[in-house]
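Here my numbering is used: position 38 in the sequence shown is 38, and no number is missing along the way. Note that the Cβ used here is the ideal one computed from N, Cα and C, for glycine as well.
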Amino acid sequence: MTDSAKLSLGAKETELKLRQGTIGPDVVDIAALYKDTGLFTYDPGFTSTASCESKITFIDGDEGVLLHRGYPIDQLAEKGNFLETCYLLLYGELPTANEMSDFSYRVTRHTMVHEQMSRFYTGFRRDAHPMAVMVGSVGALSAFYHDSTDIADPHQRMVASIRMIAKTPTLAAMAYKYHIGQPFVYPRNDLSYAENFLHMCFAVPCEPYQINPVLARAMDRIFTLHADHEQNASTSTVRLAGSSGANPFACIAAGIACLWGPAHGGANEAALNMLAEIGSKERIPEFIARAKDKNDPFRLMGFGHRVYKNYDPRAKIMQQTCHEVLNELGIKDDPLLEVAMELEQIALHDPYFIEKKLYPNVDFYSGITLKALGFPTEMFTVLFAVARTVGWIAQWKEMIEDPHQRIGRPRQLYTGAAQRDYAPVEARG
Ligand code: CMC
Numbered sequence: 001m002t003d004s005a006k007l008s009l010g011a012k013e014t015e016l017k018l019r020q021g022t023i024g025p026d027v028v029d030i031a032a033l034y035k036d037t038g039l040f041t042y043d044p045g046f047t048s049t050a051s052c053e054s055k056i057t058f059i060d061g062d063e064g065v066l067l068h069r070g071y072p073i074d075q076l077a078e079k080g081n082f083l084e085t086c087y088l089l090l091y092g093e094l095p096t097a098n099e100m101s102d103f104s105y106r107v108t109r110h111t112m113v114h115e116q117m118s119r120f121y122t123g124f125r126r127d128a129h130p131m132a133v134m135v136g137s138v139g140a141l142s143a144f145y146h147d148s149t150d151i152a153d154p155h156q157r158m159v160a161s162i163r164m165i166a167k168t169p170t171l172a173a174m175a176y177k178y179h180i181g182q183p184f185v186y187p188r189n190d191l192s193y194a195e196n197f198l199h200m201c202f203a204v205p206c207e208p209y210q211i212n213p214v215l216a217r218a219m220d221r222i223f224t225l226h227a228d229h230e231q232n233a234s235t236s237t238v239r240l241a242g243s244s245g246a247n248p249f250a251c252i253a254a255g256i257a258c259l260w261g262p263a264h265g266g267a268n269e270a271a272l273n274m275l276a277e278i279g280s281k282e283r284i285p286e287f288i289a290r291a292k293d294k295n296d297p298f299r300l301m302g303f304g305h306r307v308y309k310n311y312d313p314r315a316k317i318m319q320q321t322c323h324e325v326l327n328e329l330g331i332k333d334d335p336l337l338e339v340a341m342e343l344e345q346i347a348l349h350d351p352y353f354i355e356k357k358l359y360p361n362v363d364f365y366s367g368i369t370l371k372a373l374g375f376p377t378e379m380f381t382v383l384f385a386v387a388r389t390v391g392w393i394a395q396w397k398e399m400i401e402d403p404h405q406r407i408g409r410p411r412q413l414y415t416g417a418a419q420r421d422y423a424p425v426e427a428r429g
C-alpha cells in the first residue's frame with residue numbers, strides 16, 4: 001500500500017502524503033502544496049475535495065450506504081428513534097438506558113422559547129415563506145441566549161447544542177402556525193420528540209388533538225432519515241461560518257439559508273410541485289423528454305444526487321414509510337402517488353437515467369408523505385431543517401473541538417482583468 005503520491009511539474013517532483021480513513025477513498029494531503037510549489041488546486045463544487053476530517057457520517061455513494069458513527073441508516077430508522085440518533089451523532093455512541101433518559105430530559109427541558117420570540121414572529125408578513133421565518137428566527141436565538149454563545153466553553157457549547165435540537169421544532173411549528181393564522185401551541189414535555197412536533201403543528205386550543213402513533217412514527221423516521229448527511233452544502237456552510245468563531249445559532253441560520261435552495265433541501269417541495277404539475281400518468285413522457293433535453297433547464301426533482309450513484313438508502317425507507325402513512329389514512333388512489341410510482345419506474349428503466357445513474361433520492365417520497373401528514377408544501381424544507389439541525393450542530397462541535405481547526409479560506413483561479421490604472425471619467429472611451 002503506497003502512502004504518498006508524486007506530482008511532476010517539469011523536472012521538479014513533489015511528494016504528497018496520502019491519508020487513509022477508516023473506510024472510503026484515501027485522500028491526497030495537499031495542505032502544503034502552495035508552500036511547496038506555488039500552485040493552488042481547482043475543484044469548483046468540491047467533487048474531489050475532502051474539506052475536513054470527520055468521525056460522524058460515512059457515505060458510499062456507489063453502493064448506496066449511509067452510516068452514522070458506523071451504524072447503517074436503515075437500522076437506526078427502523079429499530080431506533082430520532083432522539084437516540086441525535087445522541088449518537090452528538091456523543092459518538094448509542095446511549096445506555098440511563099444516558100437516554102437523561103438526554104431526553106435535557107432536550108425536553110429546553111423546548112420552550114423565550115416568550116418575546118412570539119412578538120418577534122409578528123414582525124414577519126403572514127405570507128412569508130416559513131423558511132424565511134426560520135432563517136430569521138433561528139438567527140435571532142443568538143440575541144436571546146447569550147449564556148450559550150461562548151464557543152470556547154465546552155459547557156456552553158453543549159447547552160447551545162441541546163437548545164438547538166430542542167427549540168428548532170418549536171420555532172418551526174410557530175412558523176407554520178403564524179403562516180396559517182392560528183395561535184402558537186406550547187410544547188408538551190410528556191410527548192416524544194415527533195409527537196410533540198405534530199402536537200405543536202396540528203393542535204388548536206378549542207379541541208383535544210389525538211396523536212396517531214403511525215403518523216408519529218413516520219414523522220420520527222423522516223427526522224431520522226434527514227438527521228445528517230456528511231459534508232453536504234448546508235453542513236459545509238455551517239462549518240465555514242463556524243470556522244470564523246461565529247456563534248452556533250448564527251451558524252445554523254446560515255445552514256438553513258443554504259438548505260432552502262431547490263438543489264438541496266428545497267427539492268422535496270419542488271418534487272411535490274412537479275408531481276402536481278405533471279398531474280396524470282399520460283403526461284409523464286412529456287416531462288421525461290424535457291428532463292433529457294439539454295436545451296431545457298427542467299430537471300426531474302427528487303432524482304439524482306451528487307454522491308449517490310445508486311439507490312439512495314434513505315429513499316427505500318421513505319418509500320415504505322410513505323405507504324404506511326397512506327394506508328393508515330386510507331388514502332388509496334392518490335393521483336400524486338400514482339404519478340410518482342410510474343415516474344420512478346420509467347426513470348429506473350430509461351437509458352438516460354441509467355447511464356447518468358439518476359435514482360430517486362429521499363426527497364422524492366418525503367414530499368408525498370409530508371403532504372399526507374397534513375403539511376403544506378412550504379413547510380417541507382422547514383421539516384428537513386428541524387431534522388438536520390442535529391447534524392449541523394454535531395459537525396459544528398466536531399470542528400470547534402478539532403485542535404487543528406483554522407478559519408476556512410478557499411483560494412481561487414482569478415480570470416478577471418490584470419492590474420491597470422484608474423482613468424478619470426472624461427478620459428474613458
Ligand atoms: N433530471 C434530469 N437530468 C439530471 C438530473 C435530474 N434530476 N440530475 C442530474 N441530471 C443530469 C444533468 O443534466 C447532467 O447531465 P450532463 O452530464 O449531460 O450535463 C448529469 O445528470 C449530471 O448532473 P450534475 O448537475 O452535474 O450533477 P450534480 O452532482 O452537480 O447535481 C443534483 C446533483 C442533486 C443537484 C442534481 O441531480 C439535481 O439537480 N437533482 C434534482 C434536485 C434534487 O432532487 N435535489 C435533492 C438532492 S437529495 C437531498 C439533499 O441532499 O439535499
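Please report the straight-line C-alpha distance between Thr47 and Pro130, rounded to a whole angstrom. Counted from its first residue, the sequence shown places residue 47 at position 47. Counted from its first residue, the sequence shown places residue 130 at position 130. Using only the alpha carbons, I get a separation of about 31 Å.
Do you know offhand how far Ile56's Cα is from Asn232's? As a working note, residue 56 is residue 56 in the sequence shown. As a working note, residue 232 is residue 232 in the sequence shown. Roughly 13 Å between the two C-alpha positions.
Could you say which of Phe303, Leu88, Gly70 lies nearest to Asp350 if we only look at CA atoms? Counted from its first residue, the sequence shown places residue 350 at position 350. Ranking Phe303, Leu88, Gly70 by Cα distance to Asp350 puts Phe303 first.
Please confirm if the stretch 197 to 205 is in contact with the stretch 412 to 427, defined as three or more CB-CB distances below 8 Å between the two stretches. no
Proximity to Lys357 [Cα-Cα], best of Ile331, Asp312, Phe249, Thr122: The sequence position of residue 357 within the sequence shown is 357, counting from 1. Checked all of Ile331, Asp312, Phe249, Thr122; the closest Cα to Lys357 is Asp312.
Please find out if some non-hydrogen atom of ligand 1 comes closer than 8 Å to the beta-carbon of Asp3. Position 3 of the sequence shown, counted from the start, is the residue given in the question as residue 3. No - ligand 1 has no heavy atom lying nearer than 8 Å to the Cβ of Asp3.
Would the beta-carbon of Met164 be found less than 8 Å away from any heavy atom of ligand 1? Translated into the one-based positions of the sequence shown, residue 164 becomes position 164. No, Cβ of Met164 sits at least 8 Å from all heavy atoms of ligand 1.
Could you give the distance in angstroms between the alpha-carbon of Glu15 and the alpha-carbon of Gly45? The residue given as residue 15 occupies position 15 in the sequence shown. The residue given as residue 45 occupies position 45 in the sequence shown. Whole-angstrom Cα-Cα distance: 26 Å.
What did DSSP end up calling His68 once you bin it into helix, strand or coil? Locating residue 68 in the sequence shown gives position 68, counting from the first residue. Strand.
What residue range is occupied by the uninterrupted alpha helix (DSSP H) comprising Lys12? As a working note, residue 12 is residue 12 in the sequence shown. In the DSSP assignment, Lys12 falls outside any alpha helix (DSSP H) and within the unbroken beta strand (DSSP E) covering 12 to 19.
Restricting to Cα atoms, I'd like to know which of Val159, Pro187, Phe380, Leu413 is closest to Met134. Taking the first residue of the sequence shown as 1, we reach residue 134 at position 134. Measuring from the Cα of Met134, the nearest candidate turns out to be Phe380.
Could you have a look at Leu7 and say whether DSSP puts it in helix, strand or coil? On the sequence shown, position 7 is the one that residue 7 refers to. Strand.
Cβ contact (3+ pairs, closer than 8 Å) linking the stretch 167 to 186 and the stretch 85 to 103: No, they do not touch.
Tell me the rounded alpha-carbon separation between Asp228 and Asp293. Looking up residue 228 in the sequence shown gives position 228. Looking up residue 293 in the sequence shown gives position 293. Going from the Cα of Asp228 to the Cα of Asp293 covers about 33 Å.
Cβ of Val386 within 9 Å of Cβ of Ala172? Walking along the sequence shown from the start, residue 386 turns up at place 386. Walking along the sequence shown from the start, residue 172 turns up at place 172. Against a cut-off of 9 Å, the Cβ pair of Ala172 and Val386 comes out as a contact.
Could you tell me if the beta carbon of Asp312 falls within a distance shorter than 8 Å of some heavy atom in ligand 1? The residue given as residue 312 occupies position 312 in the sequence shown. For ligand 1, at least one heavy atom lies less than 8 Å from the Cβ of Asp312.
Can we count Arg430 as close to ligand 1, meaning its CB is less than 8 Å from some heavy atom? The shown model of the chain, from 1 to 429, leaves out residue 430, and the question about it has no answer.
Can you check which of these residues, Leu67, Leu76, Glu93, is closest to Asp220 by C-alpha distance? One-based indexing of the sequence shown puts residue 220 at position 220. Measuring from the Cα of Asp220, the nearest candidate turns out to be Leu76.
Of the residues Ala218, Gly279, Leu9, the one placed nearest Gln320, counting alpha carbons only: Here residue 320 is taken as the residue at index 320 of the sequence shown, counted from 1. Looking at the Cα atoms, Ala218 is the closest of the given residues.
In the structure shown, what three-state DSSP assignment does Pro424 receive? In the sequence shown, residue 424 corresponds to position 424, counting from 1. Three-state result, Pro424: coil.
Could you spell out where the beta strand (DSSP E) holding Thr57 opens and where it closes? Translated into positions along the sequence shown, residue 57 becomes position 57. Run containing Thr57: 57 to 60, per the beta strand (DSSP E) assignment.
Does ligand 1 have even one heavy atom less than 8 Å from the beta-carbon of Pro44? Here residue 44 is taken as the residue at index 44 of the sequence shown, counted from 1. Not one heavy atom of ligand 1 falls within 8 Å of the beta-carbon of Pro44.
Short check: CB of Phe249 to CB of Gly139, under 9 Å? The residue you call residue 249 lines up with position 249 of the sequence shown. The residue you call residue 139 lines up with position 139 of the sequence shown. Their beta carbons are under 9 Å apart, which means Phe249 touches Gly139 by this criterion.
Residue burial classification, Ala427 (beta-carbon count within 10 angstroms, cutoff 16): Counting from 1 along the sequence shown, the entry for residue 427 is found at position 427. With fewer than 16 other Cβ atoms within 10 Å, it is exposed.
With a CB to CB cut of under 8 Å and the five nearest residues on each side skipped, what residues in its chain are close to Gln156? Here residue 156 is taken as the residue at index 156 of the sequence shown, counted from 1. Cβ neighbours of Gln156 beyond the five flanking positions: Asp147, Ser148, Thr149, Asp150.
Using 9 Å as the threshold, is the C-beta distance between Ser234 and Gly255 below it? For the purposes of this step, residue 234 is identified with residue 234 of the sequence shown, where counting begins at 1. For the purposes of this step, residue 255 is identified with residue 255 of the sequence shown, where counting begins at 1. For Ser234 and Gly255, yes; Cβs fall inside 9 Å.
Any heavy atom of ligand 1 inside 8 Å of the beta-carbon of Val362? Here residue 362 refers to the residue found at position 362 of the sequence shown. Yes; taking the cut-off as 8 Å, the Cβ of Val362 has a heavy atom of ligand 1 nearer than that.
Proximity to Ala246 [Cα-Cα], best of Ala347, Ser142, Leu198: Residue numbering aside, residue 246 sits at position 246 when the sequence shown is read from its first letter. The option with the nearest alpha carbon to Ala246 is Ser142.
Proximity below 9 Å, CB of Glu230 to CB of Ile59: On the sequence shown, residue 230 is found 230 positions in, with the first residue counted as 1. On the sequence shown, residue 59 is found 59 positions in, with the first residue counted as 1. Note that the C-beta distance between Glu230 and Ile59 is below 9 Å.
Residues of its chain near Thr237, where Cβ-Cβ distance is below 7 Å and the 5 sequence neighbours each way are ignored: Position 237 of the sequence shown holds residue 237. Ala254, Gly255, Cys258, listed in sequence order.
Does Ile180 get closer than 9 Å to chain D when you measure Cβ to Cβ? The structure shown has no chain D; it contains just one protein chain.
Could you spell out where the alpha helix (DSSP H) holding Ser161 opens and where it closes? Translated into positions along the sequence shown, residue 161 becomes position 161. For Ser161, the uninterrupted alpha helix (DSSP H) segment begins and ends at 154 to 180.
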